[in-house]
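> My structure is below; once you've seen it, I'll send some questions.
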Amino acid sequence: MSLWEYANPKKFMETSGRILPWASGLAAVALCVGLVWGFFFTPDDYRQGSTVKIIYIHVPSAMMAINIWVMMLVTSLIWLVRRHHVSALAAKAAAPIGLTMTLIALATGALWGQPMWGTWWAWDPRLTSFLILCLFYLGYMALWQAIDNPDTAADLTAVLCLVGSVFALLSRYAVNFWSQGLHQGASLSLDKKENVSDVFYFPLLVSIAGFVALFVALMLLRTRTEIRGRRLRALMARQRGA
Amino acid sequence: MTALFWRDLRLALRAGGGFGLGLAFFFIVAVLVPLGVGPEPTTLARIAPGICWVAALLASLLSLDRLFALDQEDGSLDLLATAPLPLESVATAKTAAHWVTTGLPLTLASPVVAMLLNLPAAGYPWLVAALFLGTPALSAIGTFGAALTVGLKRGGLLLSLLVLPLYIPTLIFGAEVVRRGAVGMTATPPLILLAGITAGAIGLLPFASAAALRMNLR
């Protein structure tokens, strides 16, 4: 029993079919609990008022936006090294979700920034690197769209993902060099010193769990759709041949 | 490899390739910007580093889609792939030829553009140095983008969508060098970082380009 058994599409379909309802349910429960708890049962911040509550959407979506790219990097590597189709399809399935998370983070940030910083947008390093991340997602998805042969498309997007990761990381530190920040530091970190207060911390954790579960559910669903699409195309090709 | 380099160079020079085109584009962008933002010398001096670099990015983007596409159409790319020369060397030769036909002329012409944009005199050497060190990275990244999109019918637009985000670090450090140089601050740290990006891009990206070419030709 090794992890690579799940690279078999049939095995993957069975397992993901069993996980999917649980992941969706967990996402629904955790998001409801986290957001309702966060929105209605936490006090307002003494300086930011009720706008502080956007943190329950902004922080999880921003975390997911970055982590989804990392997941795509890992699955692209697995595709390049071991040539498991499920892996390539998972990367393809994850990209639009990542783009959506990036846009949610940017939009919620703008909504919060307008009353707090007095501006929708500032060329702050964090904001700028998110905009750049958004461009990388767009390019990645456009390349998938443009190539007809699915294996070539998987190969080329995987290479683009590897090279893009290096340049995305470079851009991240380049913009730090280029402009001073307006954005506050990390809201969450493992050393407790700079965390947000506990009142906000626990609903935020629940909400993050909800976003992770939501991503897992959407990603499995989209990968399953891709696999079914492949099967359909194979069947049609066989029928045309017969 | 040298032969391939000279062949590409001759093709670009004689067959009406992108040689003069990129340079002319560089000039036109630099002329249009003052017409757009107004002739105030102080404003122009402040935005000159950025304009020079953005114009250089766009100019080097212009001739990228022909880099492999012409060779693919007439079949010489297949010959190159089966030749004893590894594709990594082919990619390097292509990058070098692209740089000599776009990056180098841009670097040499940049003082004229800087003059049009009223860049302070202290910035001139930094601008030339930054473009000289930075444009090879643009060519290497562009070769990678061209290798990714070589098989596509309308790869040009996609190519710019893929390549421009990859240009960002080069642009930031390159413009930062000129900006600091123009106001008399020390500009060596960004210049060293820029040179580092170029060294990394020249050294590593040909492998990625060759991998992409192999995938496209399979």
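Going line by line, the protein sequences match chains A and B.
First residue of the first sequence? That's 1 in my numbering, and the numbers climb one at a time after it.
First residue of the second sequence? That's 1001 in my numbering, and the numbers climb one at a time after it.
Positions of the beta carbon are idealized from the N, C-alpha and C atoms, including for glycine.
Since we're looking at a predicted model, the values are computed, not measured.
1) Bridge partners for Gly49 of chain A per DSSP, in chain order?
2) Chain A beta carbons: is any one of them nearer than 8 angstroms to that of Phe1173 of chain B?
3) Flag this pair as yes or no: are the beta carbons of Trp112 of chain A and Thr42 of chain A separated by less than 8 angstroms?
4) Between the Cα of Ala1210 of chain B and those of B:Pro1165, B:Val1112 and B:Gly1145, spot the shortest distance and give me the residue it belongs to.
5) What residue from A:Val36, A:Arg172 and A:Ala88 has the CA that sits closest to Ser129 of chain A's CA?
6) With 8 angstroms as the C-beta to C-beta threshold (strictly closer), list the residues of the stretch 129 to 153 of chain A near chain B in chain order.
7) Which word fits Ala1083 of chain B, buried or exposed, when buried means at least 16 other C-beta atoms lie within 10 angstroms of its C-beta?
8) Contact criterion: CB-CB distance below 8 angstroms. Does Phe1144 of chain B meet it with respect to chain A?
9) Judging by CA-CA distance, which residue of B:Val1177, B:Asp1074 and B:Thr1143 is the nearest neighbour of Ala1212 of chain B?
10) Is Asp124 of chain A close to chain B? Criterion is C-beta to C-beta, closer than 8 angstroms.
11) Looking at the secondary structure, which residues open and close the alpha helix (DSSP H) in which Lys11 of chain A lies?
12) One question on the structure: do Phe1005 of chain B and Ala1137 of chain B come within less than 8 angstroms of each other, judged by their Cβ atoms?
13) Check Gly1184 of chain B in the structure and name its three-state DSSP category.
14) Under the rule that 16 or more other beta-carbon atoms within 10 Å means buried, what is Val1043 of chain B, buried or exposed?
15) Using the C-alpha atoms, what's the distance from Arg1154 of chain B back to Ile147 of chain A?
16) By the DSSP assignment, the alpha helix (DSSP H) with Asn67 of chain A in it spans what residues?
17) Note down, in chain order, every chain B residue with its Cβ under 8 angstroms from the Cβ of Val159 of chain A.
18) Express the C-alpha separation of Pro150 of chain A and Leu1106 of chain B in angstroms, rounding to a whole number.
19) Hey, how far is the Cα of Val212 of chain A from the Cα of Gly1123 of chain B?
20) What residues in the stretch 1175 to 1198 of chain B have a beta carbon less than 9 angstroms from any beta carbon of chain C?
21) At 7 angstroms on the CB atoms, spell out the chain B contacts of Ser306 of chain A, in chain order.
22) Use the C-beta contact count for Ala1201 of chain B: other C-beta atoms within 10 angstroms, 16 or more gives buried, fewer gives exposed.
According to the structure shown:
1) A:Asp45
2) yes
3) No; because the gap between Cβ atoms is not below 8 angstroms, this pair is not in contact.
4) B:Gly1145
5) A:Arg172
6) Ile132, Leu135, Phe136, Leu138, Gly139, Ala142, Leu143, Ala146, Ile147 and Thr152
7) exposed
8) yes
9) Answer by Cα proximity: B:Thr1143.
10) For Asp124 of chain A, not one C-beta of chain B is nearer than 8 angstroms to its own C-beta.
11) Pro9 to Phe40
12) The answer is no: Cβ separation not under 8 angstroms.
13) DSSP places Gly1184 of chain B outside both helix and strand once states are collapsed to three, so it counts as coil.
14) The question names Val, yet the displayed sequence has Thr at residue 1043 of chain B. Flag for Thr1043 of chain B reads exposed.
15) 11 angstroms
16) Residues Ile55 to Arg82.
17) Leu1148, Ala1208, Ala1211, Ala1212 and Met1215
18) 39 angstroms
19) Val212 of chain A and Gly1123 of chain B have their C-alpha atoms some 49 angstroms from each other.
20) The structure shown contains no chain C; its protein chains are A and B.
21) What is shown of chain A runs 1 to 242, which leaves residue 306 of chain A out entirely.
22) buried
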